[in-house]
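With the numbering used here, the residue at position 163 of the sequence shown is 224, and numbering never jumps. Note that CB positions come from ideal geometry on N, CA and C, so glycine has one too. Being a predicted model, the structure only gives us computed values, none of them experimental. Have a look at the structure below, then the notes.
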Amino acid sequence: MTDARLRHGRSSLAVSFFVQGVTFALLVTRIPALQDQYGISDGLLPVFLAAVPILAGVGSVVTEKVVVRVRPRAVLRWAQPVVMLALLCAGAGNALWEAALALGVFGLSVGALDASMNMMGVSLQRAYGRSIMLGFHAAYSLGGIAGASMAWAGAHWDLSLLASYLPAVVVLLPVALIGSRWYAEGAEPDSEAGGAQGKGAASVSFKLLMPLCLVMSFAYIGDSTVSNWSAKYLQDVLGSSEQLSTVPYNVYMVTTLLGRAVGDLGVRRFGAVAVVRFGSVLAAAGFAVVAVAGGAWIGMLGFTMLGLGLCVIVPQTFAAAGRMFPGASDTAIARLNVFNYVGFLVGSPLVGALGDAWSYRGAMLVPMVLVLATLVYAKSFGTESARYGGGHERPRTVDVG
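Below, the structure written as structure tokens:
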């Protein structure tokens, strides 16, 4: 594979991460509008919201089987358009069954998309011989900020969901399709070449993968806590205004982008283990600051620390799975990706239940402890070689960690 092809593949995959960030943000930030458009009751809404990550987990498992026969780039090439068209359909309908069908297709295809994108990212990182995974996830964060901004504009101007979604789909769908022409993957280890992922699947030890699965869940419990509860916490617990309560999530997204933009440099310099440990401690400290904050501005400081800390964990967890199982990385990543949705499903209800039964300040200590538990599993992120040579990059050849 030529260096030019690697560069083009890296750029096109970054575009896909960006597009997915936009698409997902447009869905989750307009949940109240979806509820109103379809007349979904408060009692039924959690069922719809839970169905999406559950079906995404199914999509990730199916992708594990599909990539035995076709490469992840083929899965991503069709999954991304399906996700975007499902979003458009969710904004265009008015019957409850239409919402169920659109969100069901969205969930299944987004699981395939997330799994295949990260499979390709790990493959390209292996070929580059240096850390680049955080850069892909930075593109996702940038897309999330752009999508949330579009959603804010749609809500501000009282646009219908279809009017809000259509411009993004019309612009980004052709971009994604054109960009898919340059998808590329790194050269595979011998045990994985020639469709040997079927054999490789048997070599993925769930016992070895479990620490990374737990870390993935812990990280997404922390992330869903911020996305679902930061506004309510600032307003109801810290006494902020309604307008100010919208700021923490935006700050969290921006700091996530900044942390991921520079995170690869940290991995190259200090190694993946050190970066994950630092991120875990910083995120736990952020939860502690939020829990004891005496006012809104101190609370926002805590959410800022959270963004900078949590942002490095998920990309490095995928990268660690690729290093741990170099001959079956696609299988490992598909299985690991399921725990993304486990954390998303558990996080918000857990904090809500603890907040109602105990206190929201106390509830913030639970994700703090879970994120801090990542330190116990930090060695699973690799040895010193995970920094890919420290200040000196390896040649751009196949790298198995």
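Measure the alpha-carbon distance for Gly215 versus Phe279 and round it to whole angstroms. What you label residue 215 is simply residue 154 of the sequence shown in a count that begins at 1. What you label residue 279 is simply residue 218 of the sequence shown in a count that begins at 1. A direct Cα-Cα distance of roughly 33 Å separates Gly215 from Phe279.
For the alpha helix (DSSP H) containing Pro235, list its first residue and its last residue. As a first step, residue 235 must be located in the sequence shown, where it is residue number 174. First-last of the alpha helix (DSSP H) with Pro235: 222-240.
Where do the N-terminal and C-terminal ends of the alpha helix (DSSP H) with Met385 fall, by residue? Taking the first residue of the sequence shown as 1, we reach residue 385 at position 324. Counting along the chain, the alpha helix (DSSP H) containing Met385 begins and ends at 374-385.
Sort Asn289, Asp297, Tyr421 by Cα distance to Leu110 and report the nearest one. Position 49 of the sequence shown, counted from the start, is the residue given in the question as residue 110. Checking every option, the nearest Cα to that of Leu110 belongs to Asn289.
Per-residue DSSP class, three states only, for Leu411: Taking the sequence shown and counting its residues from 1, one reaches residue 411 at position 350. Note: Leu411 maps to helix in three-state DSSP.
Take Val276 and list the residues in its own chain whose beta-carbon comes closer than 6 Å to its own, dropping the five residues that flank it on each side. Start at 1 with the first residue of the sequence shown, and residue 276 comes out as number 215. Once the five neighbours on either side are set aside, the close Cβ partners of Val276 are Thr378, Thr435, Tyr438.
Whole-angstrom Cβ separation of Asn401 and Tyr313, contact assumed at under 8 Å? As a position in the sequence shown, residue 401 is number 340, starting the count at 1. As a position in the sequence shown, residue 313 is number 252, starting the count at 1. In this structure, Asn401 and Tyr313 do not form a Cβ contact; the two beta carbons are roughly 18 Å apart against a cut-off of 8 Å.
Round the Cβ separation of Val80 and Gln141 to the nearest angstrom and send it over; I've been treating them as touching at under 8 Å. Within the sequence shown, numbered from 1, the residue matching residue 80 stands at position 19. Within the sequence shown, numbered from 1, the residue matching residue 141 stands at position 80. Your pair Val80 and Gln141 checks out as a contact, with CB atoms roughly 7 Å apart and the cut at 8 Å.
Whole-angstrom distance between Ala199 and Val336, CA atom to CA atom: Numbered from 1 along the sequence shown, position 275 holds the residue referred to as residue 336. Numbered from 1 along the sequence shown, position 138 holds the residue referred to as residue 199. Roughly 16 Å between the two C-alpha positions.
Let me check understanding here. Comparing Cα to Cα, which of Leu270, Tyr99, Thr307 lies closest to Pro387? Counted from its first residue, the sequence shown places residue 387 at position 326. Looking at the Cα atoms, Leu270 is the closest of the given residues.
Report back the beta-carbon spacing between Leu411 and Val427 to the nearest angstrom; my notes put them in contact at under 8 Å. Locating residue 411 in the sequence shown gives position 350, counting from the first residue. Locating residue 427 in the sequence shown gives position 366, counting from the first residue. Approximately 7 Å separates the beta-carbon atoms of Leu411 and Val427; this is inside 8 Å, confirming the contact.
Exposed unless 16 or more other CB atoms sit within 10 angstroms - verdict on Glu303: As a working note, residue 303 is residue 242 in the sequence shown. So Glu303 ends up on the exposed side.
Cβ neighbour criterion (16 or more within 10 Å) applied to Pro309: For this step, residue 309 is matched to residue 248 along the sequence shown. It counts as buried.
Would you call the segment 178-196 and the segment 150-168 touching, i.e. three or more CB-CB distances under 8 Å? The segment 178-196 vs the segment 150-168: no contact.
Specify the secondary structure class of Gln304 as computed by DSSP and reduced to three states. Here the question's residue 304 lines up with position 243 in the sequence shown. Coil, per DSSP.
Tell me whether Val108 sits in a helix, a strand or coil according to DSSP, three-state version. Taking the first residue of the sequence shown as position 1, residue 108 is located at position 47. Three-state DSSP puts Val108 in a helix.
Helix, strand or coil: which one does DSSP assign to Val128? The residue you call residue 128 lines up with position 67 of the sequence shown. Coil.
Our contact map puts Gly347 next to Met366 with C-beta atoms below 8 Å; I'd like the distance itself, whole angstroms only. By one-based count along the sequence shown, residue 347 stands at place 286. By one-based count along the sequence shown, residue 366 stands at place 305. Beta-carbon to beta-carbon, Gly347 and Met366 are separated by about 3 Å, close enough to satisfy the 8 Å threshold.
Nearest neighbour of Leu318, chosen from Ala147, Leu203, Leu397 [CA to CA]: In the sequence shown, residue 318 corresponds to position 257, counting from 1. Distances from the CA of Leu318 to each of Ala147, Leu203, Leu397 were compared; the closest alpha carbon is that of Leu203.
Relative to the C-alpha of Ala349, which candidate in Ala147, Val265, Val430 has its C-alpha closest? As a working mapping, residue 349 is identified with position 288 in the sequence shown. Residue Val430 is the option with its Cα nearest to Ala349.
Segment limits, alpha helix (DSSP H) that includes Lys293: Residue mapping note: residue 293 aligns to position 232 of the sequence shown, counting from 1. Looking at the DSSP string, the run of the alpha helix (DSSP H) that includes Lys293 is 267-293.
Through-space distance from Leu369 to Ala345, alpha-carbon basis: What you label residue 345 is simply residue 284 of the sequence shown in a count that begins at 1. What you label residue 369 is simply residue 308 of the sequence shown in a count that begins at 1. Taking the straight line joining both Cα atoms gives about 11 Å.
Can you list, in chain order, the residues of its chain with a C-beta nearer than 6 Å to that of Pro114? Leave out the 5 residues immediately preceding and following it. Here residue 114 is taken as the residue at index 53 of the sequence shown, counted from 1. If we look at Pro114 and ignore the five residues flanking it on each side, its Cβ neighbours are Tyr402, Phe405, Leu406.
Phe267, buried or exposed, once every other Cβ within 10 Å from all chains shown has been counted against 16: Reading the sequence shown from its first residue, position 206 is the one you call residue 267. By the neighbour-count rule (16 or more Cβ atoms within 10 Å), Phe267 is not buried but exposed.
For Val334 and Gly443, believed in contact at Cβ under 8 Å, the rounded distance: Here residue 443 refers to the residue found at position 382 of the sequence shown. Here residue 334 refers to the residue found at position 273 of the sequence shown. Confirmed, Cβ separation roughly 6 Å.
Inter-residue spacing [alpha-carbon to alpha-carbon] between Ile149 and Leu220: Sequence index remark: in the sequence shown, residue 149 carries index 88 (1-based). Sequence index remark: in the sequence shown, residue 220 carries index 159 (1-based). Reading the sequence as shown, one finds Leu at residue 149 and not Ile. A straight line joining the alpha-carbon of Leu149 with that of Leu220 spans about 14 Å.
When you compare the CB positions of Ala209 and Ala86, do they come within less than 7 Å of one another, or not? If you number the sequence shown from 1, residue 209 lands on position 148. If you number the sequence shown from 1, residue 86 lands on position 25. For the 7 Å CB-CB criterion, Ala209 and Ala86 form a contact.
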